[in-house]
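Here the structure comes first, spelled out in structure tokens, and everything after it is commentary.
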Amino acid sequence: MNREKFKEGMECFRRGEYFEAHEAWEAIWLKDRHSESGRMLKGLILYAAALLKQQQGQPGPAQRMAKSALEKFKGLDPKTGIRWGLDLKKWETEIEDFLNTLQTAGGLLDQ
2 MNREKFKEGM ECFRRGEYFE AHEAWEAIWL KDRHSESGRM LKGLILYAAA
52 LLKQQQGQPG PAQRMAKSAL EKFKGLDPKT GIRWGLDLKK WETEIEDFLN
102 TLQTAGGLLD Q
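Heads up: the sequence shown begins at 2 in our numbering, then just goes up one per residue.
Below you can see the structure in the form of structure tokens.
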């Protein structure tokens, strides 16, 4: 996997540049989508897309993408995250908190 592209995606994500993060990670994911690392990357891609949709004022799509991202992270081998320098449980918690915020803001999970 391309570590530089991964780091680029992380830097974009930290700056709130979610579209750019999505694009950087997708370039790696397309080459390795069927592995455990590919599943983790897909989770990151979906979470970045969820945050972008929230920025765009689209809470419904944000909620759906965040739920899909969380599903990708659930059950991943923690070693997968360690290889990439990520604490997967921390990311799961962050996504769960995001979903709770969306629910509190508009009761979206009932839709």
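Even glycine gets a Cβ: it sits at the ideal position worked out from N, Cα and C.
On a predicted model such as this, the values are computed, not experimentally measured, just so you know.
Between the CA atoms of residue j and residue i - distance to the nearest angstrom
i    : j   : result
F7   : W26 : 6 Å
I46  : G39 : 10 Å
P62  : S69 : 11 Å
G82  : H23 : 18 Å
K43  : E72 : 10 Å
Q104 : A28 : 32 Å
E95  : C13 : 17 Å
P79  : W92 : 11 Å
A67  : K32 : 23 Å
D1   : G76 : Residue numbering for the chain in the displayed model covers 2 to 112; residue 1 lies beyond these limits and cannot be assessed.
E21  : F74 : 21 Å
With 16 other Cβ atoms within 10 Å as the buried cut-off, status of residue i
i   : result
L53 : buried
G86 : exposed
A49 : buried
When the options are compared against residue i, the one with the closest alpha-carbon
i    : options               : result
G97  : D78, A51 and L87      : First, the amino acid is wrong: residue 97 is Glu here, not Gly. Considering only alpha carbons, the answer is A51.
W30  : G10, E18 and F99      : G10
Q56  : N3, R84, N101 and Y19 : Y19
R84  : M41, R16 and R65      : M41
L100 : R65, G17, F74 and N3  : R65
Inset, instruction - Ignoring anything shorter than 3 residues or poking outside the segment 30-80, list the beta strand (DSSP E) runs there in chain order. - result: none
Inset, instruction - Pair every Cβ in the segment 29-38 with every Cβ in the segment 49-63, then say whether three or more of these pairs are closer than 8 Å. - result: no
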